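Number of protein chains: 2
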Amino acid sequence: MRNTELAEIRDLPLFRTMDEDNFLSLTQAAYDQTFPAQVQLIEEGGTADFLHVVMEGSVELFATWQGHETTMAVVNPISTFILAACIQDAPYLMSARTLGRTRVVMVPSVDLRTIFLNDPNFALATITELAACYRSVVRHTKNLKLRTARERLAAYILRQVRSRGNGAGFTLPVEKRLLASYLGVTPESLSRLMKSLQDCGVHIEGQRITLTDPALLAEVAKPDALLDGPDPAGPSIGLGLPDCDLGTAQPDARRAVRETP
Amino acid sequence: MRNTELAEIRDLPLFRTMDEDNFLSLTQAAYDQTFPAQVQLIEEGGTADFLHVVMEGSVELFATWQGHETTMAVVNPISTFILAACIQDAPYLMSARTLGRTRVVMVPSVDLRTIFLNDPNFALATITELAACYRSVVRHTKNLKLRTARERLAAYILRQVRSRGNGAGFTLPVEKRLLASYLGVTPESLSRLMKSLQDCGVHIEGQRITLTDPALLAEVAKPDALLDGPDPAGPSIGLGLPDCDLGTAQPDARRAVRETP
DNA sequence: GATCCGATTTGACGCAGATCAAGCCACGGG
DNA sequence: CCCGTGGCTTGATCTGCGTCAAATCGGATC
């Protein structure tokens with residue numbers, strides 16, 4: 001890996017505080033790879049040989065069972081994913097695929113576990129990262145169990161708007177089908193729900209969403225710090241759908257050739 | 001705290017490997033308390049001042065929003081809960097209440113964070129525990145999003161039976177209303193679902209459930225290691241409904257007097 | 001044993017959201 | 001410019017599960 005790449009990783013919360021020697025030994029066996037869209041990086045059930053770090057692009061985490069598939073989260077630069085599986089040396093619970101053209105750094109996970117014991121700062125950073133991931137999934141689960149689909153969508157839209165400084169609107173960072181799956185509904189339902197939110201001051205024009213009356217939407221979503229975050233502590237470490245635009249910035253994302261490995 | 005109690009805690013995966021001095025300084029400010037049933041130990045949104053350890057009895061973790069409530073997990077002896085909030089020093093995402101008469105050890109969480117840096121073994125143990133919790137919630141979420149209510153119930157029953165050595169049956173470790181909430185359905189629906197599973201060799205008699213044909217039930221549940229566990233790694237560290245009988249062993253659980261603090 | 005109280009069950013009904021099946025639209029390639 | 005390929009929308013219909021209300025059960029108290 002080049003030095004510029006190393007510097008980027010070094011700056012992640014997970015690696016920022018760790019000892020230089022440990023960082024070097026950890027990353028010496030790491031490698032950097034760029035994938036086109038729709039490449040499956042990880043298959044659930046596989047063994048966690050590498051900790052993955054998304055450097056550019058974005059990665060969808062999804063789970064399957066009996067032919068059904070659901071997206072669990074989208075990982076944006078710069079952050080790690082499937083940390084927990086690496087730590088436990090246990091099978092992945094989720095699969096991962098690239099959404100657009102995506103650059104990923106892969107760090108051998110055997111090295112991780114040996115370094116925890118030598119590097120207290122790294123251990124602490126890992127603990128913090130894991131705790132953030134945990135809380136992120138708990139939030140997602142609470143959303144699924146406590147809110148209706150309509151409320152989840154409303155809350156999602158509000159979160160997006162707020163995370164971009166309360167502008168009047170934003171363009172969806174992911175395809176609607178993916179958003180639907182993340183919210184736990186079918187694309188058809190999402191489409192209808194979007195329309196039903198027009199009464200609450202939501203205007204939809206393709207990927208572009210504009211709010212005329214955020215307060216009205218808030219009456220539907222009933223936003224709540226414990227469901228929608230953010231944690232007072234730090235910025236977005238955890239999982240979830242992207243906070244910033246992606247995919248739209250990578251026009252080559254769609255219609256990718258299928259890989260034959 | 002008495003020495004016998006200390007010894008019990010000391011034996012937890014989380015504390016087993018840690019340095020003796022650190023263990024003592026951590027637990028010196030800890031205290032041990034026994035509560036009757038239905039006492040709320042934690043209110044979501046509160047600050048995480050104490051790491052809780054369930055010594056006897058059991059604790060329900062639940063979340064609320066807009067008057068709705070849903071149970072997220074049940075914690076059994078001997079394990080910890082709300083570790084993530086303590087680490088992040090962030091507001092609790094879940095509330096907690098005792099189910100039966102329950103003994104809980106509370107460890108001040110300020111001490112936790114200082115010790116991570118001094119005690120690599122403790123840090124590693126924390127990492128492992130958190131990773132297990134994370135995977136546990138991910139499983140729960142996958143269940144909610146991929147299976148129907150009927151399939152979730154079938155899978156739950158199978159998990160229970162298997163975790164007790166594949167006997168012919170078992171008695172529900174929690175009230176049905178709680179199980180319903182955990183599975184994400186109303187008590188009425190659970191009741192109907194139970195009845196509908198009678199066609200699959202499930203006999204229900206009060207709290208007692210007996211299987212005549214586990215294979216038939218497995219056709220409904222389609223059990224899967226990635227959804228139902230267990231992790232090959234270790235035993236039940238994470239969250240979920242109890243693996244062993246409780247509540248039935250504490251007949252004083254119900255009809256508790258409300259506490260007036 | 002009579003009574004009370006909450007948990008559970010049962011029934012009737014309604015609704016949110018899934019499913020199935022077209023249609024629409026945008027884009028890229030021939 | 002026409003056509004094919006997805007993604008998205010729309011409509012019709014179905015159904016799993018929720019809601020509301022009432023009955024039943026079972027343990028606990030007196």
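Protein sequence lines, in the order shown, are assigned to chains A and X.
Residue 136 in the working numbering sits at position 136 of the first sequence, with consecutive numbering throughout.
Residue 163 in the working numbering sits at position 163 of the second sequence, with consecutive numbering throughout.
Cβ atoms here follow ideal geometry from the backbone N, Cα and C, with glycine treated the same way.
Given the structure is predicted, the values throughout are model-derived calculations rather than measurements.
Worksheet item: Under 9 Å between C-beta atoms, does A/TYR134 make it to chain X?
Response: yes
Item to complete: Tell me, please, which residues DSSP counts as bridged to A/ALA73.
Response: A/LEU61
Discussion item. Per DSSP, what are the beta-bridge partners of X/THR98 in this structure?
Written reply: X/VAL59
Worksheet item: Does DSSP classify A/LEU6 as helix, strand or coil?
Response: helix
Worksheet item: In angstroms, rounded to a whole number, what distance separates the CA positions of X/ASP245 and X/GLU175?
Response: Per-residue confidence for X/ASP245 stands at a pLDDT of 38, beneath the threshold of 50, marking its modelled position as unreliable; the derived number appears in the next sentence. Going by the C-alpha atoms only, they are around 12 Å apart.
Worksheet entry | CB contact below 9 Å: X/VAL137 versus chain A | yes
Worksheet item: Distance, Cα to Cα, X/LEU179 vs X/ARG152?
Response: 11 Å
Discussion item. For a test of the three-state rule: what should DSSP assign to X/THR47, helix, strand or coil?
Written reply: strand
Discussion item. Please identify, using Cβ separations under 7 Å, the residues of the region 187-215 of chain X that lie next to chain A, in order along the chain.
Written reply: none
Worksheet entry | Cα-Cα separation, A/PRO120 to X/GLY201 | 53 Å
Fill in: Sufficient close CB pairs (3 or more, under 8 Å) joining the region 80-100 of chain X to the region 30-47 of chain X
yes
Discussion item. Between A/PHE116, A/PHE23, A/ILE157, A/LEU130, which has its C-alpha nearest A/ALA215's C-alpha?
Written reply: A/ILE157
Item to complete: Check each residue of the region 87-109 of chain A: if its Cβ is closer than 9 Å to any Cβ of chain X, include it; give the result in chain order.
Response: ILE87, GLN88, ASP89, ALA90, PRO91, TYR92, LEU93, MET94
Discussion item. Cβ closer than 8 Å: which chain X residues qualify as neighbours of A/PHE116?
Written reply: PRO120, ALA123, LEU124, ILE127
Discussion item. Using 9 Å as the threshold, is the C-beta distance between A/ALA48 and A/CYS86 below it?
Written reply: yes
Worksheet item: Under a Cβ-count criterion, where at least 16 other Cβ atoms within 10 Å of its own Cβ denotes burial, should X/ARG177 be classed as buried or exposed?
Response: exposed
Worksheet item: Is the region 69-77 of chain X touching the region 136-144 of chain A, taking contact as three or more C-beta pairs under 8 Å?
Response: yes
Fill in: Simplified DSSP assignment, three categories, for X/VAL161
helix
Worksheet entry | Per DSSP, the bridge partner or partners of X/ASP111 | In the DSSP output, where bridge partners are listed per residue, X/ASP111 has none listed.
Item to complete: Run down chain A in chain order and give the residues with a C-beta less than 9 Å from the C-beta of X/MET55.
Response: Within 9 Å Cβ-Cβ: nothing; X/MET55 doesn't reach chain A, min ~23 Å.
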